[in-house]
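Some notes on the structure that comes next.
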Amino acid sequence: MEIPEGRNRIIEGPIIKNLFILSSPMIIAMALHTSFNFVDMLFVGRLGKEAIAAVSMAFPVQLFMIAIGGGIGIGITSLISRNIGANNIEKAKIAAEQCLFLIVIFGIITTILGNIIAEDFFRIIGATRPVLKLVIDYIKPILTGSIFIYFSIMANSIFRGEGDTVTPMKVMISSVILNTILDPLLIFGIGPFPRMGVSGAAIATITARGIVCFIIIYFLRTKSSISIRLFSPKLDIKSIKEIFNVGIPSSLAQLINNSSMLILLSILSRFGDTAIAAYGIGMRLDSIAFLPGLGLSSGNLIMIGQNFGAKRFDRVRKISMVAMGITGGFMAIVGLFYLSFPDFFIRLFNSDPALVSYGTDYLKIVATSYFFIGVILVAISSFQGSGKGSPALVITILRLFILLIPFSLILSKYFAVNGVWWAIFISNILSSISGLLWLFLFFRTINKNTLTN
Numbered sequence: 001m002e003i004p005e006g007r008n009r010i011i012e013g014p015i016i017k018n019l020f021i022l023s024s025p026m027i028i029a030m031a032l033h034t035s036f037n038f039v040d041m042l043f044v045g046r047l048g049k050e051a052i053a054a055v056s057m058a059f060p061v062q063l064f065m066i067a068i069g070g071g072i073g074i075g076i077t078s079l080i081s082r083n084i085g086a087n088n089i090e091k092a093k094i095a096a097e098q099c100l101f102l103i104v105i106f107g108i109i110t111t112i113l114g115n116i117i118a119e120d121f122f123r124i125i126g127a128t129r130p131v132l133k134l135v136i137d138y139i140k141p142i143l144t145g146s147i148f149i150y151f152s153i154m155a156n157s158i159f160r161g162e163g164d165t166v167t168p169m170k171v172m173i174s175s176v177i178l179n180t181i182l183d184p185l186l187i188f189g190i191g192p193f194p195r196m197g198v199s200g201a202a203i204a205t206i207t208a209r210g211i212v213c214f215i216i217i218y219f220l221r222t223k224s225s226i227s228i229r230l231f232s233p234k235l236d237i238k239s240i241k242e243i244f245n246v247g248i249p250s251s252l253a254q255l256i257n258n259s260s261m262l263i264l265l266s267i268l269s270r271f272g273d274t275a276i277a278a279y280g281i282g283m284r285l286d287s288i289a290f291l292p293g294l295g296l297s298s299g300n301l302i303m304i305g306q307n308f309g310a311k312r313f314d315r316v317r318k319i320s321m322v323a324m325g326i327t328g329g330f331m332a333i334v335g336l337f338y339l340s341f342p343d344f345f346i347r348l349f350n351s352d353p354a355l356v357s358y359g360t361d362y363l364k365i366v367a368t369s370y371f372f373i374g375v376i377l378v379a380i381s382s383f384q385g386s387g388k389g390s391p392a393l394v395i396t397i398l399r400l401f402i403l404l405i406p407f408s409l410i411l412s413k414y415f416a417v418n419g420v421w422w423a424i425f426i427s428n429i430l431s432s433i434s435g436l437l438w439l440f441l442f443f444r445t446i447n448k449n450t451l452t453n
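See the structure below:
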């Protein structure tokens, strides 16, 4: 069977050049994905504070779906890239086809279970009567169309496994453009469209995702180099198990990360709304700083996967080290930029003196650990590319529940809000060092096995 285009480039080509070729479209796609919810909030904000609260309360549910789809997508990318690297093109094809079964299963479960428990869930987490009605109006179309969300996230993983990161970027651009066009039409009832309020924002999102699914199907039929069967795929339990081995720990790590934010918010709530607001602004600035790291670590995962499959273990280690240096360097530069003008970046959101003070301290403390965050992102993606999913989960548990939360509780007693910022700093550094040492041990193990065999 024909070897997918780009395989030899990824296995034999210059590491730095290939890393940037793969990661640049990923960074753009992630930036666009971040803008998806921003666009919704921009238009919904004109409907009033209750509408903003409703969409904000629905956001964790959307994060849950993204965590599931994104984590399983990592498993799909890892398995396909390793099989392509090993020249097992038929196995790569079968692995890609399992994606379709998983999308349908997750879509059905989310739609049925989500619609059953949605109202009780939002009532439990504190939605008031006017907000409850709006959040249900918003979330029901999202839940009902969840299959399109899973499809757009997971199907793009097939292309990434092949070494094609440009097609997912094109797909995301199409999705954002469609959503931006449909949002005002359906929210405000422009022209022949009915005024649907917050539900219009949700329907716009799902409609955009649905249309994009047809674009993805077209690309799978015309651009995919492994020619998967879309309408008569074969169920392969072994491939699904291998996808889950990497994907489930990755999804759990993302879900744990999301839940830990709630715990951290509860700790900060003792110091008032201003501390919570400062943390929220800090997280948004972090998300911008992390884009290069996330993109580069995704490119690293693809390169590690194909080289690992080809048993080029010497190159696997070299790729990982180069990716760490570049990723850590990029994130350190962003951190230095924040450190140079911390109050400026905080004032972009709000100029309240107390908030600016808390936020400035956040950047001065946390931004100095950005280099280590870059290192841990690459270390985790190196494990994932090698078919090891558990390190991502273990490192996340170490960082959040063994380091971050206990240190936040202890240090906040002595240093108030800054104690929480220092806890974030400490947990980033210690978890990074632990992950790096674990990765070195893993490389030593595979090198020993290679010499033995």
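First residue of the sequence shown: 1, per the numbering used here; consecutive thereafter. Just so you know, even glycine gets a beta-carbon here, dropped at the ideal spot from N, CA and C.
Residue i lies in the alpha helix (DSSP H); which residues open and close that run?
{"i": "D273", "result": "273-309"}
{"i": "K93", "result": "89-124"}
{"i": "V329", "result": "Looking at the sequence itself, residue 329 is Gly, so the reference to Val does not match. Taken as a continuous stretch (DSSP letters only), the alpha helix (DSSP H) holding G329 covers 313-340."}
{"i": "T144", "result": "129-144"}
{"i": "P401", "result": "Per the sequence presented here, residue 401 reads as Phe, with Pro not at that position. Careful: F401 lies outside any alpha helix (DSSP H) and carries neither H nor E."}
{"i": "F349", "result": "Element bounds for F349: n/a, residue is neither H nor E."}
{"i": "A253", "result": "237-268"}
{"i": "P14", "result": "Run containing P14: none; DSSP gives neither H nor E here."}
{"i": "S381", "result": "370-385"}
{"i": "S390", "result": "390-397"}
Quick one: using the 10 Å Cβ neighbour count with 16 as the cut-off for buried, is residue i buried or exposed?
{"i": "N18", "result": "buried"}
{"i": "E12", "result": "exposed"}
{"i": "I290", "result": "The residue you asked about is not Ile; residue 290 is Phe in the sequence shown. The residue is buried, with at least 16 neighbouring Cβ atoms inside 10 Å."}
{"i": "F344", "result": "exposed"}
{"i": "I117", "result": "exposed"}
{"i": "K238", "result": "exposed"}
{"i": "M283", "result": "exposed"}
{"i": "T327", "result": "buried"}
{"i": "L262", "result": "exposed"}
{"i": "P25", "result": "buried"}
{"i": "G329", "result": "exposed"}
{"i": "F122", "result": "buried"}
{"i": "V104", "result": "exposed"}
{"i": "R399", "result": "buried"}
{"i": "F214", "result": "exposed"}
{"i": "P130", "result": "exposed"}
{"i": "T445", "result": "exposed"}
{"i": "P194", "result": "exposed"}
Out of the options, state which residue places its alpha-carbon closest to the alpha-carbon of residue i.
{"i": "G73", "options": "N418, E242, S224", "result": "E242"}
{"i": "V212", "options": "A96, I149, F341, L255", "result": "I149"}
{"i": "S412", "options": "I267, I66, P192, R129", "result": "I267"}
{"i": "K91", "options": "L134, I326, I80", "result": "I80"}
{"i": "S408", "options": "I397, I426, V394", "result": "I426"}
{"i": "T274", "options": "Y362, N83, I109, I158", "result": "Y362"}
{"i": "A208", "options": "F188, S287, I173", "result": "I173"}
{"i": "E162", "options": "P391, I346, Q306, K311", "result": "Q306"}
{"i": "G309", "options": "I346, G385, C99, P342", "result": "G385"}
{"i": "N258", "options": "F59, L47, M30, F43", "result": "F59"}
Counting only C-beta atoms, is residue i closer than 8 Å to chain C at any point?
{"i": "F308", "result": "Although the question refers to chain C, the structure presented lacks it and comprises just one protein chain."}
Given 7 Å as the limit, tell me if residue i has its C-beta closer than that to any heavy atom belonging to the ligand MG.
{"i": "E97", "result": "Inclusion of the ligand MG in the displayed structure is not the case, the ligand content being empty and no account of it being possible."}
*Unbroken stretches of the alpha helix (DSSP H), 4 residues or longer, contained in the region 152-202*: Listed in chain order, the complete alpha helix (DSSP H) runs (minimum 4 residues) inside the region 152-202 are 166-188.
_Contact between the region 141-158 and the region 285-303 is defined here as three or more beta-carbon pairs at a separation below 8 Å; is this criterion met?_
Proximity of the region 141-158 to the region 285-303 falls short of the contact definition, fewer than three beta-carbon pairs being nearer than 8 Å.
*Meets three-Cβ-pair contact criterion under 8 Å: the region 172-191 and the region 134-142*: Here the region 172-191 does not lie against the region 134-142, with fewer than 3 beta-carbon pairs under 8 Å apart.
*Can we say the region 43-57 touches the region 343-359, given the rule of at least three CB pairs closer than 8 Å?*
Contact between the region 43-57 and the region 343-359 is absent, because fewer than three Cβ pairs lie under 8 Å.
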